Structure formats: structure tokens, C-alpha cells
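This report concerns only the one structure given below.
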Amino acid sequence: MSAHRTNPVTGVCQAGAKGGRTCTGWGNRALGIDQWWLDAALSDLVARTRHVIAVDVGGTETKAALVAGTALDVRAVRQRRRATTRDAEAVVDDVASLVEDLRAGGDAEIEAVGLVVPGVVDEDNGIGVYSANLKWQDYPFVKEVEARTGLKTAFGHDVRAGGLAELRIGNARGLQNAVIMPIGTGIAAALVLDGRIYRGDGSVGEVGHVDVGHGDPCGCGQTGCVEARASSAAIARRYSERTGNPVNGAAEVAGLVRAGDPDAVTVWQEAVDALARGILLVAALLGPEAVVLGGGLALAGPLLVDPLRDRLDGLITFQRRPELRLAALGDEAGCLGAALLAIDMLEER
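Quick look at the structure:
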């Protein structure tokens, strides 16, 4: 029997490796490897698991998580949620409080914070340039969060961060050109071009503020915007205005659609039409392989996707018809993307 033994993890022959002697293993290739060096390299790979705190500031809810992982795989260890405050300084207070809460009682060394916010952002300088829904302008989030937490902070756009997570570990893996579109309080899109998230100058992907011709006013000051009809907030608001009966979000309207409520059906159809027209514009400009739908509205599943596909088919002429997919990561996408931004920042240092 041969004295050579193959490491079951690496496939590398262990016997005879001391002193750089050659041994045969793993496909009968001759390897001259010092076992100490190999063990050290494996230990280094294991040690690359990072622990960061990710915060996703949404239009109505702020999510935070202690996240462990690498640049290719992350998981939330502990999570917290609270209502989003509509003031930049108060948001920083909340972020600092969430970081302190998630740091407490754990043994892992927290290396960084990943913070993502909605609106227009200047990622390079850590500034929230503008948010129509949360009413801030030119606020230095990174400077303030780092001062409050003492941790290096990666900063980005909530939708692009969620898109990054879907691209690396979710339902956009393997796509080279795609649009990842969460539909919640507002609507924006992460653009995947040549396999990478396109960042631009921080203001790209505002699909929700494309004029699709319906004439309704939008919170941004324009009329006809996609999100003025197709966002979760707009669907709930428009049904309540139409009927005089307040509803608790778009999910309730979806339930009324299933029950055959004619007002709910009308509001839903108008939302689908606005969304289809926005996607048509994206298809004409970018020719994506797929549009990945996320956010709270995507939880409606076939109730959203089936009529949206039909309406899109009725609008498309020569454009490439994108596949419609549902996002895999749900409302954790933003937090996981924020964690990936933080880990990427640490790896680049």
C-alpha cells in the first residue's frame, strides 16, 4: 500500500510534502508543496470571514443586521427593525443605536458598518444628496455615522445594494445584463451591465420617476411618474382615495383584487400598466436579459407577474422581451447588499 495520503479537503497528497519533496495526488499531478504553507493558506481563507453591521434605511422601515460572511456569501446572524424617521439627523441616531444594540453581547469583532439609503447618493463622498420621500438634501451620512460609531462605514444606494446581493447570491446570478427592480414605498432599479452593478454618478436607475403619461402628481414634483401609480404606497393610497376606505398597504389591495373588488381591480390594472410602460422603456434602452422584481409588491407573485407579462407583451414591438423573475432575497436584500459593500471596502484596504 502506498504511504501517500490525500487530504480529503484539498485533494493534495500529504505524505512527502515536508521539505518540498514531490508527491503524487489530485489527478496524478506532481506537486512540490510545503504542507505548512498549505495549512497556513487554508487558515487564511477561513479567517477571511468578516463580521459587519449592515443598515438598510427604507422609506418606511429601517432594517439592521449583524452579518457574517465573505465577498461571495453572507448571512444575517442577528436582526433588528424599526420605523424610519423622516429626518437625516434622527436617522443617524437610529443607526448609532442599532449598531450599539447589535454589537452588544457578541464575541465577534465588528469591523465595519454598511449603510444604504434611498434617493440620490454620492457614494464616493458618503453623502445623501436628495430623497423625495425622506426629505433630506446633501447630508454627510458617512462622516456622522463614523463619528458616532467609531467604525469605518461603507455607503451606498439601497436599491443598488439590494441588486448587488441578488447578483452575487440571489436570483440574478449569472446574468450579464439585467434590471433588478424592488417595488416598495418608491420604485428604482439596479442596472446590471456586463455582469456588474452600474453605479454611474449616484443618480442612475430612477425608473420610478419616468413619465409614462398618466398625469397623476408625484411626490418628486413631476406628473406621470411610474411610482405615482405602481409603488406599494401609491396602490394603497389610490384605492383609499377612490373608495373612501383606508387600507393597510398594497397587500390588502391585492387581497381585494383576488376577491373581485372592482375598485381594487382597476387600481391594480393601472399600476400594472404604469409598471409595464416603465419596463418597456428600460427594454428599449438596455435590452436586458431579465427584469428581477423585488420589494413588498413582488410578494403578490403571479397576481403581479402574470398580468404584467401580458401587458408587456401587448406593448413590445421590436424590443427584446426580458424574462420576468421574482427576487430571491426578499426584504433582506438591502441589508445583505450593505454588508457586501462593507466587506468589499475591507477587502480593498
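Using the UniProt record's numbering, the letters of the sequence shown correspond one by one to residues 1 to 349.
For every residue, glycine included, the Cβ atom is placed at its ideal position computed from N, Cα and C.
None of the values given here were measured: they were computed from a predicted structure.
Simplified DSSP state of residue i, which is helix, strand or coil
i           : result
ALA339      : helix
GLU332      : helix
HIS214      : coil
ASP194      : coil
VAL305      : helix
PRO262      : helix
LEU151      : coil
ILE316      : coil
residue 350 : Here the chain has residues from 1 to 349 only, and residue 350 is not among them.
GLN137      : strand
THR223      : strand
Other residues of its chain near residue i: CB distance less than 6 angstroms, five sequence neighbours each side excluded
i      : result
ARG82  : THR62
THR153 : VAL113, LEU115, VAL142, VAL145 and GLU146
MET199 : A small fix is needed here, since residue 199 is Arg in this sequence, not Met. Around ARG199: no qualifying Cβ.
THR243 : ASP263
Extent of the continuous beta strand (DSSP E) to which residue i belongs
i      : result
GLY131 : In the sequence on display, residue 131 carries Ser and not Gly. Where SER131 is concerned, the enclosing beta strand (DSSP E) stretches over 127 to 131.
GLU323 : 323 to 326
LEU66  : 61 to 70
ILE180 : 178 to 182
VAL92  : Looking at the DSSP string, VAL92 is not in any beta strand (DSSP E); the run it does join, the alpha helix (DSSP H), is 88 to 103.
ARG82  : 73 to 83
ALA290 : 290 to 294
ASP122 : 120 to 122
ASP107 : Here ASP107 belongs to no beta strand (DSSP E), and DSSP marks it neither H nor E.
Residues near residue i in its chain [Cβ-Cβ closer than 7 angstroms; skip 5 each side]
i           : result
LEU193      : ASN177
THR85       : VAL91 and ASP94
TYR239      : VAL247, VAL253, ASP263, ALA264 and VAL267
ALA71       : LEU340, ILE343, ASP344 and GLU347
THR101      : Checking the sequence shown, residue 101 turns out to be Asp, not Thr. Result list for ASP101: ARG80, in chain order.
residue 350 : Shown here, the chain extends from 1 to 349; a query on residue 350 therefore has no answer.
ARG29       : Here the model assigns ARG29 a pLDDT of 36, short of 50, so the residue's position is not dependable and the matter cannot be decided.
ARG320      : ALA283 and GLY287
ARG48       : THR70
ASN133      : GLY59, PRO118, THR185, GLY186 and GLY219
Short Cβ contact (8 angstroms threshold) for residue i with residue j
i      : j      : result
VAL292 : ILE180 : yes
VAL74  : LEU336 : yes
PRO182 : GLY162 : yes
ARG311 : VAL272 : yes
ALA274 : VAL226 : yes
ALA276 : ARG325 : no
ALA327 : GLY170 : yes
VAL142 : VAL129 : no
GLY205 : ALA189 : yes
GLU111 : ARG50  : yes
GLY215 : GLY224 : yes
Delimiting residues of the alpha helix (DSSP H) encompassing residue i
i      : result
LEU167 : 158 to 169
VAL117 : VAL117 -> not in any alpha helix (DSSP H); beta strand (DSSP E) instead, spanning 112 to 117.
ALA54  : Note, ALA54: premise wrong, no alpha helix (DSSP H); beta strand (DSSP E) at 50 to 57.
THR243 : 232 to 243
8 angstroms Cβ shell around residue i - same chain, five flanking residues per side excluded
i           : result
LEU98       : ILE53, VAL55, THR62, ALA64, ARG80 and ARG82
residue 354 : Because residue 354 is not part of the residues shown, which for the chain are 1 to 349, the question remains open.
ALA96       : VAL145, ARG148 and THR149
PRO217      : THR223 and ALA228
For this session: Could you tell me whether the region 108 to 126 touches the region 153 to 171, where touching means 3 or more Cβ pairs closer than 8 angstroms?
Result: yes
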